[in-house]
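Since the structure comes first, as structure tokens, the remarks are kept for the end.
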Amino acid sequence: MRVKPSTLDRLLKPLHRWIWADAGRRARKLLTFAETEADGGRDLARAAELPRDPLLRRLYLLHAQDEQRHADLFARRGRELVALHGAAPLVEANWLAPGERGLDDVRVEQHKDEALLAFLHLSESAAAGRFAAYAEVLEADARTREVFSRILKDEVFHMTYTRRQLARLAPRDQGVRLWQARAGRMFSAYLRIAVALASLFGQALLTLQYFVLLPPFAALARRSTRRETQGFVPARAPTSMTSQY
Ligand SMILES: [Fe+2]
Ligand SMILES: [Fe+2]
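Numbering-wise (the numbering used here), the sequence shown opens with residue 698 and increments by one.
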């Protein structure tokens, strides 16, 4: 099966080309991808312990191994680029820190097999489309392009097996499961955008407060400074030590 980038990714191709053109940024992005893949692998290894269906357990385990291998491939190429282009201070060991974003941070324990398979199918399809788009714009870096092409083959397998297993386990309501998963992903995307907008709005409001509320206090402080007597001022007469009056 040949995966094509989504329409949005095709429209954003010039932007993708610009993002991947810089070798330092390329290195940092690959190291971040490695972190995400490793996190996804850990989630899937946990998922492999849950189902009673032996085929599904085996497939999840294979999937987890694939994601770990992707993490290694991305990390190796990222480190090569760091060594070649000297971007090391910007990425120092951060890629090894355990992240929380793998598979959109799905809580595998809380999902039934059908829901998890629908979710995985959608997220693997989206990842495959994006990786195809990145591979297309990496004409200048054949080795990184090769990494993406290798990983893309596995992503296609992940995309296909999750869809087939969903059809096997839920032949009647597979469509509903996919729509539910799609709605969940859309809600997560909405939340992410809402949080980003709220943070932007908060920053703008604080900046506005700084420039609108602070100047009157600064003017008052300056005025009272002008009223202060300059130079030495005689000390006040000492108060009585025997009476409070
Ligand atoms: Fe992967
Ligand atoms: Fe995958």
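Cβ atoms here follow ideal geometry from the backbone N, Cα and C, with glycine treated the same way.
Nothing here was measured: the structure is a model prediction, and the numbers come from that model.
Rounded distance between the beta-carbons of residue j and residue i, thought under 8 Å
{"i": "V700", "j": "A825", "result": "4 Å"}
{"i": "F771", "j": "L727", "result": "5 Å"}
{"i": "L778", "j": "R723", "result": "6 Å"}
{"i": "L756", "j": "Q862", "result": "7 Å"}
{"i": "D851", "j": "V805", "result": "With 8 Å as the limit, D851 and V805 do not qualify as a contact, their Cβ atoms being about 19 Å apart."}
{"i": "E734", "j": "H767", "result": "4 Å"}
Other residues of its chain near residue i: CB distance less than 6 Å, five sequence neighbours each side excluded
{"i": "A878", "result": "A815, F816 and L819"}
{"i": "L758", "result": "A745"}
C-alpha gap between residue i and residue j, whole angstroms
{"i": "S703", "j": "R714", "result": "15 Å"}
{"i": "R776", "j": "L835", "result": "17 Å"}
{"i": "D838", "j": "H760", "result": "27 Å"}
{"i": "I848", "j": "D763", "result": "9 Å"}
{"i": "R889", "j": "A895", "result": "10 Å"}
{"i": "W876", "j": "D736", "result": "25 Å"}
{"i": "G899", "j": "D750", "result": "49 Å"}
{"i": "A934", "j": "E925", "result": "19 Å"}
{"i": "R827", "j": "L708", "result": "12 Å"}
{"i": "L897", "j": "K809", "result": "37 Å"}
{"i": "P913", "j": "L902", "result": "18 Å"}
Simplified DSSP state of residue i, which is helix, strand or coil
{"i": "E746", "result": "coil"}
{"i": "E836", "result": "coil"}
{"i": "E925", "result": "coil"}
{"i": "T939", "result": "coil"}
{"i": "D870", "result": "coil"}
{"i": "K701", "result": "coil"}
{"i": "D736", "result": "helix"}
{"i": "P711", "result": "helix"}
{"i": "D719", "result": "coil"}
{"i": "P751", "result": "helix"}
{"i": "H818", "result": "helix"}
Contacting residues, own chain, Cβ-Cβ under 7 Å from residue i (five flanking each side not counted)
{"i": "T939", "result": "none"}
{"i": "T859", "result": "L814, L817, H818 and E821"}
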